[in-house]
Structures are given as C-alpha cells and as structure tokens.
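S.K.:
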Amino acid sequence: MDIVVAITLFVLALLIGVEVIGKVPATLHTPLMSGANSIHGIVIVGVVIVAAHATSPLAWVFIFLAAVLGTMNVVGGYVVTDRMLEMFKSDKSKKGEGK
Amino acid sequence: MGTLAETLSTPLGVIEWFVYLVSAVIFVIGLHLMNSPKTARKGNLISAAGMVLACAMAFIVLFVNEISNGFRHGVAVVLLIVGIAIGAVAGVVSAKKVKMTDMPQLVSIFNTVGGGAAALVALNDILTSEGLPTIVVLITAGLGILIGSVTFSGSLVAAGKLQGLKFMRKLTIPAKGVVNVVVIVLTVASFVMLCVMPEQRLLFSILTTVFALVYGLVFVIPIGGADMPVVISVLNACTGTAVAMSGLAINNIALIVAGALVGSAGVTLSIDMSKAMNRPLLSVLAGGFGGGSAAAGSAD
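Protein sequences appear in the order of chains F and L.
Here the numbering used here is used: the first residue of the first sequence is 1, the next is one more, and so on.
Here the numbering used here is used: the first residue of the second sequence is 100, the next is one more, and so on.
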C-alpha cells in the first residue's frame, strides 16, 4: 500500500517538475541547474532519518560519509547559486553604468 | 523509516509529514521564481528556506526519538552532526572562494557529492537492515545505488574536463560502443541479481556500485568539453532521481517529491540547454554512446 502512495507522489512530482521550468532565458540556464542541484541536497534529510536506526559500525561509516557529502551539496549549492545570481544582477547594472 | 501508518500514528509524525509537504511546495515556488532574472535570486533564497525547514524538522524528530530512548543511537547522532559540520564548512568555503569562471565545475562537484550521498543512503538501507530487505527496498535502493554511483563518477569526470585537467582531456575509450554495452549489461545484471538473491546482498550491491561507477566514466569520458554543461544538467537530473529512489526505499515524502522534482526539471532544462546550443539532446549524449556519432560529428 505504502509503495503505491509513494509512487503516486513520485509521478505527480515529476509532472510538476516539467511544468515549473517554463521558458527560461539562456542566461539563467546555469543558475537554474545549480539551484535544482542544491534541491537534491534534500538527501541530507534522508541521512538524518537513517541515523535514527544506525546501530552497526558499517552504518556509522555510511552516515558519516553521507552527511559530509550531502551537506556539502546543499550548503555549497545554495551559496554558489546565490553568487551566480548576484553576479548576474551586477553585470546588468554595470552595463547600465557603461562599464 | 517505518510504514506510512506508523509514521502517521503519532502527532509528531503527522506534523513531520505536513512540514515536508510545505517544504516541497516551497521548492516548487522557489524553482518557479528562478525562471525569470528579476525574481531568480529571491527564488533561490526561498528554496533554501524550504531546505532549512525540512532539515530542522528531521532533526526535531531525531532528537525527540533519541531523548525518549535514552540516546540509543548516540554514536550515529554525533557522527551525523560532525559530518554535517565538515560538509557545511567545505561547501561554504568552496562556494565562496571559487572564481566566477570555475562555477560550473563546482556545481558538477556538488552534483558528484549529492549523487554519492544518495548512493550511500541506499547502500545503508540494503546492507544494515535487520533481516532481509523487502523486494520493494531492494529495487528502489538498488536503483538509488546504481543511479547515484553513475552520477558520482560521471560528474567528477565532467568537472575535471571543464577544469581542463590534461589527463582527463586525453582519456579515450577504445571501442566505446562495445565497452558501453558490456558495462551496461554488467551493471544491470548485478542489479537484477541483487533483487533476486537478497542473501548475497553484500556482494551484489558492491558489484552494482562498482559497475555503475565504471559506467559513469564510460558515459562521460567520450563527450567533448563544450557539451559538458548539458551533460552536467543530465547528471543533475539523474542525482534527483537517485535521491527520489533512496526516498522510496526509506519511505520519506521529502526525498521522493524533491528528488522527482529535480529529476524532471533537470531533464526539461537539459533539453532547453541543448536547444540553445542548436543541438538535439540525443546527439550531445551520443558523444558518449556508440551510435549517432555521425550526427554528433557533423554538428561539431
């Protein structure tokens, strides 16, 4: 029963993902890719959840490594996307000032 | 983890479910705002807020449960927090220090680590569960391992190529069509064996990981540097899918929805990106496959 509900959510979310990317100007392709990249850092929530069941040393290793990698993905992802978009803005204003 | 009924049997479980739903909605709004230059920066910050919300909720549930059972998983919690601290510092420092021109490589590196994390969560679910994993867990976590590993090695090569590392540029794969098919067959075979012989799950999950890692290399190495942004976008979509698969394995709505969202948004974006380069997506990817090399060659 659970997996049926889960697959339904999965398919509906796939459809939303297609719809949410509308007509993106080419200049925004890389920032949007980077922004989507940080969203899959949600895997860190999964790491926190599995940590609540970890009793063996093998599981500890998995959780430690996954925590390092997942957090790097999510934190770094948002910071670098913000820097890209900030640059985007200043590029425009510089052009306005006749850089 | 637990079943849906178990999760929703406590008030905290119901709150947890709805908080994940809210953060999923926030991700959708954030991504949508990133479609236009005017609102893009705000969209990214909104999406980050959704992430903070989801993580905070996961930690609240973790601590409530650990307090009630006397920190039975204390070691794991400490390792988790130390790991998060290390990852956060590494992420912020690399994102702040990177030169503007090197940003695409860094995004690819973040994609690498994200794929790795998804694969590790899936591996953990198969290898450390008490008793034999169910067929549903084997299939979903198996796919999580497979796709996560492909993106791990693939994105690493993509980052290396963009960085212009010489040894990566020189890498070639002889008879790439044959190698491609052989590696795909080996990867799929070990995944199928994992599903049908769960008693041997240690062996077959390691084989699936190794062959998928090799496939990531075989897939990306033949593709030219100019096509890398599109490839990174495709691999980004793959990581999203891997995260969704890990979410299906551990039965978590946040991972399923956010992962699927990134998966399909990533594919849509890849198609847009290759259109902007005046090349169909398939001919970009064909650089990595045996067939269609004529089309790829003429477009070069």
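Every residue gets a Cβ at the ideal spot worked out from N, C-alpha and C, and that includes glycine.
1. Roughly how many angstroms lie between the CA atoms of Lys94 of chain F and His29 of chain F, to the nearest whole one?
2. So, is the C-beta of Val4 of chain F closer than 8 Å to a C-beta in chain L?
3. Taking 8 Å as the CB-CB cut-off, is Asn377 of chain L touching chain F?
4. Considering Ala139 of chain L, what are the terminal residues of the alpha helix (DSSP H) in which it resides?
5. Taking only runs that begin and end inside the stretch 196-257 of chain L, name each unbroken alpha helix (DSSP H) of 4 or more residues, in chain order.
6. Which residues in the same chain have their Cβ closer than 7 Å to the Cβ of Leu261 of chain L, if we skip the five residues on either side of it in sequence?
7. Compute the minimum distance between the beta carbon of Phe10 of chain F and the heavy atoms of the ligand FMN, and state whether it is under 7 Å.
8. From Ala395 of chain L to Val176 of chain L, what distance separates their C-alpha atoms?
9. Listed in chain order, which residues of the stretch 309-333 of chain L have Cβ atoms closer than 8 Å to some Cβ of chain F?
10. Start and end of the alpha helix (DSSP H) containing Arg300 of chain L?
11. Measuring only the C-alpha atoms, how far is Ile349 of chain L from Ile42 of chain F?
12. From what residue to what residue does the alpha helix (DSSP H) around Thr367 of chain L run?
13. Beta-carbon separation of Asn73 of chain F and Asn335 of chain L under 8 Å?
14. With burial defined as no fewer than 16 other Cβ atoms inside 10 Å of the residue's Cβ, what is the status of Leu130 of chain L: buried or exposed?
15. From what residue to what residue does the alpha helix (DSSP H) around His172 of chain L run?
16. Over the uninterrupted alpha helix (DSSP H) stretch that includes Val329 of chain L, give me the two end residues.
17. Just curious, the alpha helix (DSSP H) that Leu111 of chain L is in, first and last residue?
18. Taking C-beta pairs closer than 7 Å, name the residues in chain F that Ala185 of chain L reaches, listed in chain order.
19. Quick check: the Cα distance between Phe290 of chain L and Ala341 of chain L, rounded to an integer number of angstroms?
20. Nearest to Lys23 of chain F by CA position, among L:Leu368, L:Gln299, L:Met296, is which residue?
21. Using a Cβ-Cβ cut-off of less than 7 Å, give me the residues of the stretch 357-386 of chain L that come near chain F, in sequence order.
22. Could you check what DSSP says for Lys23 of chain F in three-state terms: helix, strand or coil?
23. What's the gap between the Cα of Gly190 of chain L and the Cα of Ser363 of chain L?
24. Rounded to whole angstroms, what is the Cα-Cα separation between Glu19 of chain F and Leu12 of chain F?
25. Using the Cα positions of Val192 of chain L and Asn210 of chain L, report the straight-line distance between them to the nearest angstrom.
26. Please state whether DSSP places Thr81 of chain F in a helix, a strand or coil.
27. Could you give the residue range of the alpha helix (DSSP H) that holds Ser34 of chain F?
28. Helix, strand or coil: how does DSSP classify Ser289 of chain L here?
29. Assuming Gly46 of chain F and Asn351 of chain L form a contact by the criterion Cβ under 8 Å, report the distance between their Cβ atoms to the nearest whole angstrom.
30. Looking at chain F, is there any beta carbon in it that lies within less than 8 Å of the beta carbon of Thr227 of chain L?
31. So with Cβ pairs under 8 Å, would you call Ala257 of chain L a contact of chain B?
32. If you measure from the beta carbon of Leu302 of chain L to each beta carbon in chain F, is any gap under 8 Å?
33. Is Ala54 of chain F helix, strand or coil when you go by DSSP?
34. Suppose you measure from the CA of Phe10 of chain F to the CA of Asn168 of chain L; what does that come to, to the nearest Å?
35. Below 8 Å between beta carbons: does that hold for Met87 of chain F and Ser34 of chain F?
M.R.: In short:
1. Indexing the first sequence from 1 puts residue 94 of chain F at position 94. Indexing the first sequence from 1 puts residue 29 of chain F at position 29. Bear in mind that a pLDDT of 49 at Lys94 of chain F, under 50, signals an unreliable position, so the model cannot answer this.
2. To locate residue 4 of chain F, count along the first sequence from 1; it is residue 4. It does not; no Cβ of chain L falls within 8 Å.
3. In the second sequence, residue 377 of chain L corresponds to position 278, counting from 1. No, Asn377 of chain L lies away from the interface with chain F (no Cβ there is under 8 Å from its Cβ).
4. The residue given as residue 139 of chain L occupies position 40 in the second sequence. From DSSP, the alpha helix (DSSP H) with Ala139 of chain L extends over 139-167.
5. 202-226
6. Translated into positions along the second sequence, residue 261 of chain L becomes position 162. Once the five neighbours on either side are set aside, the close Cβ partners of Leu261 of chain L are Pro203, Gln204, Ser207, Gly324, Met327.
7. Ligands displayed in this structure: none; no statement on the ligand FMN is therefore possible.
8. What you label residue 395 of chain L is simply residue 296 of the second sequence in a count that begins at 1. What you label residue 176 of chain L is simply residue 77 of the second sequence in a count that begins at 1. Annotation note: pLDDT 39 at Ala395 of chain L (below 50); position unreliable, coordinate value reported separately. Approximately 50 Å between the Cα atoms of the pair.
9. Pro328, Ile331, Ser332
10. Within the second sequence, the letter at position 201 stands for residue 300 of chain L. Where Arg300 of chain L is concerned, the enclosing alpha helix (DSSP H) stretches over 300-319.
11. In the second sequence, counting from the first residue as 1, residue 349 of chain L sits at position 250. In the first sequence, counting from the first residue as 1, residue 42 of chain F sits at position 42. Cα-Cα distance, rounded: 13 Å.
12. Here residue 367 of chain L refers to the residue found at position 268 of the second sequence. Thr367 of chain L -> alpha helix (DSSP H) spans 352-375.
13. Taking the first sequence and counting its residues from 1, one reaches residue 73 of chain F at position 73. Taking the second sequence and counting its residues from 1, one reaches residue 335 of chain L at position 236. Not closer than 8 Å, so no.
14. Position 31 of the second sequence holds residue 130 of chain L. Looking at its Cβ environment, which holds 16 or more other Cβ atoms inside 10 Å, Leu130 of chain L is buried.
15. Here residue 172 of chain L is taken as the residue at index 73 of the second sequence, counted from 1. No alpha helix (DSSP H) contains His172 of chain L, which DSSP labels as neither H nor E.
16. Against the second sequence, residue 329 of chain L aligns to sequence position 230. Looking at the DSSP string, the run of the alpha helix (DSSP H) that includes Val329 of chain L is 327-349.
17. Position 12 of the second sequence holds residue 111 of chain L. Leu111 of chain L -> alpha helix (DSSP H) spans 110-132.
18. Start at 1 with the first residue of the second sequence, and residue 185 of chain L comes out as number 86. A small fix is needed here, since residue 185 of chain L is Ile in this sequence, not Ala. Chain F residues near Ile185 of chain L: Val68.
19. The residue labelled residue 290 of chain L in the question sits at position 191 within the second sequence. The residue labelled residue 341 of chain L in the question sits at position 242 within the second sequence. Phe290 of chain L and Ala341 of chain L: Cα-Cα distance of roughly 14 Å.
20. Position 23 of the first sequence, counting from 1, holds the residue named residue 23 of chain F. That would be L:Leu368, whose Cα lies nearest to the Cα of Lys23 of chain F.
21. Ala357, Gly358, Ala359, Leu360, Val361, Gly362, Ser363, Ala364, Gly365, Thr367, Leu368, Asp371, Met372, Ala375
22. Position 23 of the first sequence, counting from 1, holds the residue named residue 23 of chain F. The answer is coil: DSSP assigns Lys23 of chain F none of H, G, I, E or B.
23. In the second sequence, counting from the first residue as 1, residue 190 of chain L sits at position 91. In the second sequence, counting from the first residue as 1, residue 363 of chain L sits at position 264. One C-alpha to the other measures close to 25 Å.
24. Taking the first sequence and counting its residues from 1, the one referred to as residue 19 of chain F is at position 19. Taking the first sequence and counting its residues from 1, the one referred to as residue 12 of chain F is at position 12. For Glu19 of chain F and Leu12 of chain F, the distance between alpha carbons rounds to 11 Å.
25. Taking the second sequence and counting its residues from 1, the one referred to as residue 192 of chain L is at position 93. Taking the second sequence and counting its residues from 1, the one referred to as residue 210 of chain L is at position 111. Their backbone Cα atoms lie some 16 Å apart in a straight line.
26. Sequence index remark: in the first sequence, residue 81 of chain F carries index 81 (1-based). Helix, per DSSP.
27. The sequence position of residue 34 of chain F within the first sequence is 34, counting from 1. Element bounds for Ser34 of chain F: 29-39.
28. In the second sequence, counting from the first residue as 1, residue 289 of chain L sits at position 190. Residue state, collapsed to three classes: helix.
29. Walking along the first sequence from the start, residue 46 of chain F turns up at place 46. Walking along the second sequence from the start, residue 351 of chain L turns up at place 252. Indeed, because the Cβ distance is near 6 Å, the residues count as touching under 8 Å.
30. As a working mapping, residue 227 of chain L is identified with position 128 in the second sequence. By this cut-off, Thr227 of chain L is an interface position.
31. Within the model displayed, chain B is absent; protein chains F and L are what it includes.
32. Indexing the second sequence from 1 puts residue 302 of chain L at position 203. Taking Cβ atoms only, chain F never reaches closer than 8 Å to Leu302 of chain L, which makes this a no.
33. As a position in the first sequence, residue 54 of chain F is number 54, starting the count at 1. If DSSP states are grouped into helix, strand and coil, Ala54 of chain F belongs with coil.
34. Position 10 of the first sequence, counted from the start, is the residue given in the question as residue 10 of chain F. Position 69 of the second sequence, counted from the start, is the residue given in the question as residue 168 of chain L. Roughly 33 Å between the two C-alpha positions.
35. Residue 87 of chain F sits at position 87 when you count from the first residue of the first sequence. Residue 34 of chain F sits at position 34 when you count from the first residue of the first sequence. Not a contact, by the Cβ cut-off of 8 Å.
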